[in-house]
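What follows is one structure encoded as structure tokens, with my remarks underneath.
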Amino acid sequence: MTSSVRVRYAPSPTGFPHVGNIRTAFFNWLFARHCGGKFIVRVEDTDVARTVQGALEGILEGLRWLGIDWDEGPEVGGDFGPYVQSKRLAIYHGMANDLVQNGNAYYCHCPSERLEAIRAAQTAAKQPPGYDRHCRDLGLGPEPGAVIRYKMPLSGRTAFNDLIRGEVSFDNAVLDDFVLLKSDGYPTYHLANVIDDHLMQISHVMRAEEWLSSTPKHLLLYNSFGYTPPTFAHLPIILGPDRAKLSKRHGAVSILEYRDKGYLPEAMANFLALLGWAYDDKTEIFSIKELIENFTIERVSQTAAIFNADKLDWMNGGYIRRLTSDDFLARALPFMKKGLPEEVARPLDNDYVKKVLPLVHERAKTLADVASMESTWFFFNDNIEYDAALLIDKKMDRRQTLDMLETACARLEVLEAFDAATLEALLRPLADEIGVKAGQLFGAIRTAVTGLTATPPLFQTMEVLGKTTCLDRIGKAIGKLR
RNA sequence: GGCGCAUUCGUCUAGAGGCCUAGGACACAUCCCUCUCAAGGAUGAGAUCAGGGGUUCGAAUCCCCUAUGCGCUACCA
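The first sequence lines up with residues 1255 to 1736 when you count with our numbering.
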């Protein structure tokens, strides 16, 4: 299917790949793939001061991790390049000059001190802020330190139909004579964005809601250039639990942090898709393929959404459980290797690790959980520490527990095989024989052998731990009780 | 302050005039399963659809006002 749909994700390399940003990229990508159109990545590095080294790499890495590929952009090129704005400066200069020539823009020589002064005066007088258009009709020319400003119409209304919000309109009178070309020779977002979206033949501009207010500026610019504007769709933003814009103090906000914490890309994609989009009143689990099939802008919500970390955990756990054991093993292994601390067990025995991992498979909410103290340390660390009181069941006393453990230990010692089935066949009847509940016997052994009260199934755990280790640890528990 | 956008269970949402005594999911509670923890199953609590006016035989759904939240109001994007 061919389509004239061309959408773009236009990140500024000023920081890490924020989940809100990546979600915007994802919606654009889903839309492009759904329509059989093109998805373009364009780097908007026009703020020299805020550009940070390596930020772009992180953003692209975040995209790749989620499975988002791009048809044109950095690394892959394309017919409308370069896809980095700092390499397109000549284009912006030419276009800005044209605007000055035909009277739609003008040079402004006002120094920043003056701008600050008028802003201060406006705030003091409770006046609406904005440039006072001092240089608008002075017919000034270029000069070091000068900027080019757009000559905003003083009356009229600019309206457009947003695919998500419907009819939106603004009075031109409230709009500023905004800067098009900065004094350092770089364009502002407004200028570069409009020119590039046109030159790259972008059909739909899907961006965060914070851009809604500047859309009339863009529309006016398209008009001044004689361009046909694209269709706009302003996406709801993502908020933190306190309803404030999602930021670092809410915890992880970089998509790569989620990767490093052991979230699966397919779970993350599914979760992100549901932040501002819904298919129907019940379906929640979508593969990437299903997302592409079903994604439409009409079903994007217009309300800001709070990032619900609990639900992400739930979803991630579900995706982890649905992994085949081989797949789980392959994905969890690196987390096991880098997650366990030096003092616990080095070097790691691969065969042994492979026996441990299946036991935590259905219990893990994230891949990193496989290396947590509460889940697997006892498999690798012989110096397990715990309170002896944990050995004793609520309805039993120290003496009874001691006798029970001693009996069990003696029976275990003479066992030839030490697999789960054999252990269960021995221990379950033993509880009856001693006259305690199975849970009471198993509980004491569990604590003796793991130091914990919540673990994977006891017999499988003991099988992996092995006879020597189990007997040794039960022996120590007996010592604690004496 | 001005302008703009938004407002359904704590959270994510379904709902496009009668199907809604508002459905699903997360979280929560209780129960079942069970060697613990998970997982799974069942049940429950939880929203007078921000408030107030209209329009209509009938409104969560349409209109107006108010409130609240958020965004923009930079030579940042």
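Where is the CB? At the ideal position from N, CA and C, for every residue including glycine.
Across the structure, LEU1314 and PHE1432 are spaced so that their CA atoms are roughly 31 Å apart.
DSSP places ALA1446 in the uninterrupted alpha helix (DSSP H) bounded by 1443 to 1453. A check of alpha carbon separations from LEU1489 across ALA1527, ALA1506, GLN1455 and GLY1480 identifies ALA1527 as the nearest. Judged by DSSP secondary structure, SER1257 falls outside any alpha helix (DSSP H); it is assigned neither H nor E. Cβ contact annotation for ALA1446 (same chain, cutoff 7 Å, sequence separation greater than five): GLU1298, THR1300, GLN1339 and TYR1346, in chain order. The alpha helix (DSSP H) runs of length 4 or more contained entirely in the segment 1641 to 1673 are, from start to end of the chain, 1652 to 1667.
If you draw a 10 Å sphere on the C-beta of SER1478, you find 16 or more other C-beta atoms in it, and that means buried. Excluding residues up to 5 positions away in sequence, PHE1632 and GLY1705 lie with their Cβ nearer than 6 Å to the Cβ of ILE1638 in the same chain. A direct Cα-Cα distance of roughly 30 Å separates LYS1502 from THR1630.
Annotated three-state conformation of GLY1572 is helix, per DSSP. Per the C-alpha coordinates, the member of LEU1613, ALA1622 and GLN1694 positioned closest to GLU1717 is LEU1613. In this structure, VAL1459 and PHE1486 form a Cβ contact; the two beta carbons are roughly 5 Å apart against a cut-off of 8 Å.
The beta carbons of ALA1662 and LEU1611 sit no closer together than 8 Å. Counting C-beta pairs closer than 8 Å gives three or more between the segment 1553 to 1572 and the segment 1519 to 1538, which meets the contact rule.
CA-CA distance, ARG1277 to LEU1621, rounds to 22 Å. Of all C-beta pairs linking the segment 1360 to 1376 to the segment 1450 to 1458, fewer than three are shorter than 8 Å, placing the two stretches out of contact. Under the DSSP assignment, VAL1330 falls outside any alpha helix (DSSP H); it carries neither an H nor an E label. Non-local C-beta neighbours of ILE1646 in its own chain, meaning closer than 7 Å and more than five positions away in sequence, comprise ARG1652 and THR1655, ordered along the chain.
Contact annotation: the segment 1322 to 1336 does not touch the segment 1463 to 1475, with fewer than three C-beta pairs closer than 8 Å. Beta-bridge analysis with DSSP links VAL1273 to no other residue. According to DSSP, CYS1362 shares a beta bridge with VAL1401. A contact is defined here as three or more CB-CB pairs under 8 Å, and the segment 1260 to 1274 meets this definition with respect to the segment 1492 to 1509.
Just so you know, the alpha carbons of TYR1476 and ASN1351 end up roughly 15 Å apart. Judged by DSSP secondary structure, ARG1461 falls within the beta strand (DSSP E) whose first and last residues are 1458 to 1462.
The beta carbon of ALA1427 is closer than 7 Å to those of LEU1408 and SER1409 in its chain, skipping five residues each way along the sequence. Per DSSP, LEU1594 lies in no beta strand (DSSP E) and is assigned neither H nor E. Between LEU1644 and THR1707, the C-beta spacing is below 8 Å.
Looking at the DSSP output, ALA1413 sits in a beta bridge with SER1423. Measuring C-alpha to C-alpha distances from GLU1596 to each of LEU1684, ILE1509, PHE1634 and ALA1413 identifies PHE1634 as the nearest. Annotated three-state conformation of ALA1498 is coil, per DSSP. Linking GLU1326 to PRO1483 through their CA atoms gives a straight-line distance of about 21 Å. If you look at ILE1294, you'll find it in the beta strand (DSSP E) that goes 1292 to 1295.
Across the structure, LYS1292 and TRP1324 are spaced so that their CA atoms are roughly 8 Å apart.
DSSP places LEU1725 in the uninterrupted alpha helix (DSSP H) bounded by 1721 to 1735. The three-state secondary structure of TYR1517, taken from DSSP, is coil.
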